[in-house]
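> The structure follows.
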Amino acid sequence: MGPQPEISSLSRREARRQDRRDIIMDVAQTSFLNHGYAGTTMSGIAAALGGSKGTLWNHFSSKEELFEAVVDRATRAYRAQLAEILASPGDDLRTTLIRAMQSILNKVLSPGAIALHRLIAAEAERFPEIGRIFYERAPKQTRLILARFIEEAMASGQLLRDDPEAAAGALLSLGIGKSQQKRLVGLMDLPAPELIEADADFAVSLFLRAYMVPAEDHPRQ
């Protein structure tokens, strides 16, 4: 029974530390989106927080580390949701892929995602580290999560054998390309749910035409 108060105290300290990190990331995210990566400084974030730069550095050792934490937090729940959709039992392959594409489209076409894409496009040449961070945490992770599902479908005989990562990339390009480009250049507002559903259905239909194993070739149960 003795160690329990110490463990409880440690948990409270960790919770307070995480709360503080979240507050810092909230301020940093607002600054990155409003002022860009170049226009955001650790001193400016510390001033906005009303604390010292030293306190900020106790949590994040550099602006790059802070940016990576912001991107990771912004995409973590989305990655978990996508993995959960793809792991859902009971749905057929087509239904699962359409639900996954709808989730992906809802994320990448959201105002926050579009703002982040614009920031990366504008500043990655000067600050290649932000391009790497964004790619590793967002597009690459989406492709890998989708590729694992496609690989399982290939192994079970539902999809033709091929490179699962390349197949995932093809599906993402089919689903995201048109609407995301229009959103990025300001030619489209946030699409209505029925448009997202139509884009997801169209992309999955084309994908399955290329990769679906004909019904007569499916392995017998």
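Each residue of the sequence shown is one higher than the one before, starting from 15 at the first, in our numbering.
All residues carry an ideal CB built from backbone N, CA and C; glycine is no exception.
List the whole-angstrom C-beta distance separating residue 137 from residue 51, where the pair is believed to meet the contact cut-off of C-beta under 8 Å.
Yes, residue 137 and residue 51 are in contact; Cβ-Cβ is about 5 Å, under 8 Å.
> Starting from the N-terminal side, write out each stretch of the alpha helix (DSSP H) that is 4 residues or longer and does not extend beyond the region 159-215.
The region 159-215 contains these whole alpha helix (DSSP H) runs: 178-198.
> Ignoring anything shorter than 3 residues or poking outside the region 117-151, list the beta strand (DSSP E) runs there in chain order.
Correct list: empty.
> Measuring straight from C-alpha to C-alpha, what distance separates residue 40 and residue 33?
The alpha-carbon atoms of residue 40 and residue 33 are separated by roughly 11 Å.
> Should residue 228 be labelled buried (16 or more other beta-carbon atoms within 10 Å of its own) or exposed?
Exposed, because fewer than 16 other Cβ atoms sit within 10 Å of the Cβ of residue 228.
> Measuring alpha carbon to alpha carbon, tell me which of 86, 193, 168 and 47 ends up nearest residue 222.
Residue 222 has its Cα closest to that of 168, out of 86, 193, 168 and 47.
> Of all the options 127, 100 and 62, which has the alpha carbon lying nearest to the alpha carbon of residue 161?
Here the closest residue by C-alpha is 100.
> Identify, in the order they occur along the chain, each residue of the same chain with its Cβ nearer than 8 Å to the Cβ of residue 26, setting aside the five sequence neighbours on each side.
Once the five neighbours on either side are set aside, residue 26 has no close Cβ partner at all.
> Taking the alpha-carbon positions, what's the residue 188 to residue 217 distance?
C-alpha separation (whole angstroms): 5 Å.
> Give a yes or no on whether the minimum CB-CB distance between residue 29 and chain D is below 8 Å.
Protein chains in the displayed structure number just one, and chain D is not present.
> With a threshold of 8 Å, are at least 3 pairs of Cβ atoms found where one atom belongs to the region 87-107 and the other to the region 189-197?
Not touching, per the Cβ criterion.
> Taking the alpha-carbon positions, what's the residue 30 to residue 53 distance?
The straight-line gap from Cα to Cα measures roughly 29 Å.
> Where does residue 213 land, buried or exposed, given buried means 16+ other C-beta within 10 angstroms?
Buried: at least 16 other Cβ atoms inside 10 Å.
> Given a cut-off of 8 Å on the beta-carbon distance, is the pair residue 46 and residue 123 in contact?
Against a cut-off of 8 Å, the Cβ pair of residue 123 and residue 46 comes out as no contact.
> Could you check the C-alpha separation between residue 61 and residue 84 for me, to the nearest Å?
In a straight line, the C-alpha of residue 61 is about 18 Å away from that of residue 84.
> To which residues of the same chain is residue 163 closer than 6 Å at the C-beta, ignoring the five residues directly before and after it?
The residues are 100.
> Who are the near neighbours of residue 234 in its chain, counting only those whose CB is closer than 7 Å to its CB and skipping five residues on each side?
Residue placement at residue 234 cannot be trusted, given a pLDDT of 49 that sits under 50; what the coordinates show is reported in the next sentence. Contacts found: none.
> Along the chain, where does the alpha helix (DSSP H) containing residue 92 start, and where does it finish?
Start and end: 77-101.
> How would you call residue 201, buried or exposed, if buried means at least 16 neighbouring beta carbons within 10 angstroms?
Under this definition residue 201 is an exposed residue.
> Looking at C-alpha atoms only, which residue of 38, 72 and 111 is the closest neighbour of residue 184?
Minimum Cα distance to residue 184 is reached at 111.
> In angstroms, rounded to a whole number, what distance separates the CA positions of residue 36 and residue 114?
For residue 36 and residue 114, the distance between alpha carbons rounds to 28 Å.
> For residue 63 and residue 179, I'd like the C-alpha separation in whole angstroms.
Rounded to the nearest angstrom, the two C-alpha atoms are 42 Å apart.
> Taking its Cβ as the centre, do 16 or more other Cβ atoms sit within 10 Å of residue 117, making it buried, or is it exposed?
Result: buried.
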